[in-house]
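For what it's worth, the numbering used here labels the leading residue of the sequence shown as 1, then goes sequentially.
Ideal Cβ positions, reconstructed from N, Cα and C, are used throughout, including at glycine.
These numbers were taken from a predicted model, which means no experiment stands behind them.
Notes follow the structure.
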Amino acid sequence: MKFEKILDNVYRKNFHLIVNQEPKKVFNWICELHKEAKTDGLEKFIMDCEGICIFTYKPFFYIYIKNFNWSIDSQACLAHELNHFVDFVLEDTGIPLRIENTEVRAYYFEYLFKKCYTALAKAKSTHKKK
């Protein structure tokens, strides 16, 4: 499975960013990695969505974007899934989602978005060279 591992140096919640992979392969790969885990309903989510943030298998996290092509729609899908991830991490870390914490949330989102964008751009340029 081709993915970019995004390393989070803030809250230590790393995740695998998976783009442009067949949904069935993504589902099978996750099931293989988490043989003992319950995967009920996961296949339907992966098959039916354009993007999904999977945080059921702590400490492993996944963001999957079915068709990432640098369009505004695919970047918006990435932002959407990153928002889910940010909310989960902050809640898991004990930072409540309140108006007083919006700056923390915004900086964390910005940090992760830049990391994803950089990883995807690097992968794109490496792919072009081949």
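Is residue i helix, strand or coil by DSSP?
i, result
"His-80", "helix"
"Glu-43", "helix"
"Val-10", "coil"
"Leu-17", "strand"
Use the C-beta contact count for residue i: other C-beta atoms within 10 angstroms, 16 or more gives buried, fewer gives exposed.
i, result
"Tyr-117", "exposed"
"Ser-74", "buried"
"Lys-13", "buried"
"Tyr-108", "buried"
"Ile-99", "exposed"
"Leu-17", "buried"
According to the Cβ coordinates, are residue i and residue j closer than 9 Å?
i, j, result
"Phe-60", "Leu-42", "no"
"Ala-119", "Glu-4", "yes"
"Leu-90", "Leu-112", "no"
"Val-19", "Tyr-64", "yes"
"Ile-131", "Tyr-57", "As shown, the chain starts at 1 and ends at 130. That puts residue 131 outside it, with no answer to give."
"Phe-85", "Phe-15", "yes"
Taking the alpha-carbon positions, what's the residue i to residue j distance?
i, j, result
"Ala-106", "Glu-22", "31 Å"
"Cys-53", "Lys-66", "12 Å"
"Ser-71", "Leu-78", "11 Å"
"Leu-97", "Asp-87", "7 Å"
"Asp-48", "Phe-27", "12 Å"
"Thr-102", "His-80", "16 Å"
"Asp-8", "Lys-115", "9 Å"
"Lys-24", "Tyr-62", "15 Å"
Please find out if some non-hydrogen atom of the ligand FAD comes closer than 8 Å to the beta-carbon of residue i.
i, result
"Tyr-117", "The ligand FAD is absent from the structure shown, which contains no ligands of any kind."
Quick one: does residue i have its CB under 9 Å from some CB of chain C?
i, result
"Asp-92", "The structure shown contains no chain C; it holds only a single protein chain."
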